[in-house]
Every structure is written in C-alpha cells, then in structure tokens.
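The structure under discussion appears below in the form of structure tokens.
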Amino acid sequence: AQSVTQLDSHVSVSEGTPVLLRCNYSSSYSPSLFWYVQHPNKGLQLLLKYTSAATLVKGINGFEAEFKKSETSFHLTKPSAHMSDAAEYFCVVTLGGGGSQGNLIFGKGTKLSVKP
Amino acid sequence: DTGVSQDPRHKITKRGQNVTFRCDPISEHNRLYWYRQTLGQGPEFLTYFQNEAQLEKSRLLSDRFSAERPKGSFSTLEIQRTEQGDSAMYLCAVNPDTATNEKLFFGSGTQLSVL
C-alpha cells in the first residue's frame, strides 16, 4: 500500500534561513510524488512533482525536492525562507497503477512558520 | 484563483439535518474530485467523476453521502442526517490533464460544522 509520512507536524524558521520539510514514502512500485501548499483560506496549490524523470525537482517559489529511492524520501527544501512561505505543506503520493484515476494520498501536513 | 469555486464557504448545521455543497469549475474539466479534510489531517479522497459518471467512491463515503455531476460541469455533494463526525472541510478539485491524474486544482473548500 502507498503512504507518506511527514516527519514534522510543525517547523519554525527565521526569514532568510533554509527550509527543510521532511517526507518519507512507502510504495510497492515507482511512485509519483508531489508537494502541495495550503495557505489560510486558499485552495491547495501544487508546488512540484516527481514522476521518474530527474530526481531533483524544481518547483514554484524557489522550492525544490530530491527523490532518494535508497532512503524512500522526498524532502522539500528552500535556500532562504520568506514570510510569504508560512503555510501548511503536504507531501503526496499517487496510487497510480492501471486502476485508480483519482487517488492522491496526502500526508498529515507540516505547518511552516517563518519568524521575522 | 484556482478556477474552482465552492459554495458555501462555511456551513453550520444541527445534527440530523441535511446539507448540500456545490462545486463550480470555471472551465470544462473531464475529471472532478471530492476530498474531505479534518483538523490536523491531510485531505482524504471521497469520490471522483469522469464527466457525468461517478467512477470511484472511497469507503469513507457512507450511504448518507451522495454526489452528483448531472451535466458534467458543476457537482454537488449532499450529506443526509449529518453527524458531528461529519464536521470537516470538504474540498473539490479538478484535473485539466486528461492523460494523468497528477495535477489537481483545488477550490477553497466548504467548512462544515455539525453542532
């Protein structure tokens, strides 16, 4: 079965410092992995996705994530945090395969706080 | 703006009442999804439409829940005889890419509170 585990429920950083949001996945085959961001009172927005091409994936707003099969990880990073990055971030894996067309499996989320 | 409008934004109801939510994608999308998000959790898949056809239902979707997409554009989600455990954010999403199920555009959701 596919699942994701977000290792931190809350991360707090200072503005201008690096961001690391950790995610480990479990999948019986090569997964597609995503990071979504949810700002208060706004819809979930796709940050980036990995689909078996390059292992280092660049997304919007300066975020990137690296797929590491040996570690079953897909951590999200950003070199320098901005106040506008404060939000909840979700690591997501698809069920994929030939059957399901709809199932994204979301982690429980990591709330990122950015201090001035 | 994600191009997905949900109405209402908030709904407060008493236990046992019926509620209906609506999802309006701005443009035509073949695939439409409903998710539920409870406090401290990520969204959980409820059901999925390909045009008018409801192709998948999660085990989370009890008999009290029904979803429709009569014309393949907007969709409604009805909960009958609401229970306090139904309190959650209900999210609608669309997939503009017919080749994959990868990139979803989510609405802002309807927050349901059952008293």
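Sequences listed follow chains A and B, in order. Take the first sequence: its position 50, counting from 1, is numbered 50 in this note's numbering, and each next residue is one higher. Take the second sequence: its position 12, counting from 1, is numbered 12 in this note's numbering, and each next residue is one higher. The C-beta atom is built at its ideal place from N, Cα and C for all residues, glycine as well. Model, not experiment: these values are computed from the prediction.
Interface residues of chain B around residue 107 (chain A) at Cβ under 8 Å?
Chain B residues near residue 107 (chain A): 42.
Can you tell me whether residue 84 (chain A) is helix, strand or coil according to DSSP?
The three-state secondary structure of residue 84 (chain A), taken from DSSP, is helix.
Is the Cβ-Cβ distance between residue 90 (chain B) and residue 15 (chain B) less than 8 Å?
No, they are not a contact pair.
Less than 8 Å between CB atoms is the rule here; does residue 108 (chain B) satisfy it with respect to chain A?
Interface residue, yes.
Measuring CB atoms only, is the stretch 1-20 of chain A touching the stretch 66-78 of chain A, in the sense that at least three cross pairs come out at less than 8 Å?
As far as the Cβ criterion goes, the stretch 1-20 of chain A touches the stretch 66-78 of chain A, which means the pair count is three or higher.
Any chain B beta carbon closer than 8 Å to residue 49 (chain A)
A Cβ of chain B is located within less than 8 Å of the beta carbon of residue 49 (chain A).
6 Å CB neighbourhood of residue 12 (chain B) in its chain, flanking five on each side removed:
Once the five neighbours on either side are set aside, the close Cβ partners of residue 12 (chain B) are 113.
Starting from residue 119 (chain B), follow the beta strand (DSSP E) in both directions and report where the run begins and ends.
Any answer about residue 119 (chain B) is impossible in this case: the structure gives chain B only from 1 up to 115.
I'd like to know whether the C-beta of residue 61 (chain A) is nearer than 8 Å to at least one C-beta of chain B.
Output row for residue 61 (chain A): interface = no.
Please report how far the alpha carbon of residue 71 (chain B) lies from the alpha carbon of residue 52 (chain B), in whole angstroms.
Going by C-alpha positions, residue 71 (chain B) is about 6 Å away from residue 52 (chain B).
Any idea if residue 112 (chain A) is buried or exposed, counting beta-carbon neighbours within 10 angstroms, 16 or more meaning buried?
It counts as buried.
So with Cβ pairs under 8 Å, would you call residue 56 (chain A) a contact of chain B?
No, because no Cβ of chain B sits closer than 8 Å to the Cβ of residue 56 (chain A).
Interface partners of residue 42 (chain A) on chain B, CB under 7 Å
Correct list: 108.
In whole angstroms, what is the alpha-carbon distance linking residue 67 (chain B) and residue 25 (chain B)?
Near 15 Å, if we compare the C-alpha coordinates of residue 25 (chain B) and residue 67 (chain B).
Pick from A:40, A:46, A:41 and A:39: whose alpha carbon is nearest that of residue 138 (chain A)?
Any property of residue 138 (chain A) remains undetermined from this structure, which presents chain A solely from 1 to 116.
At a CB-CB cut-off below 9 Å, which residues of chain A make contact with residue 103 (chain B)?
The contacting residues are 34, 46 and 49.
What is the DSSP secondary structure of residue 86 (chain B), counted as helix, strand or coil?
In the displayed model, residue 86 (chain B) falls within a helix according to three-state DSSP.
Could you tell me whether any Cβ in chain A is nearer than 8 Å to the Cβ of residue 21 (chain B)?
For residue 21 (chain B), the answer is no, since every Cβ of chain A falls outside 8 Å of its Cβ.
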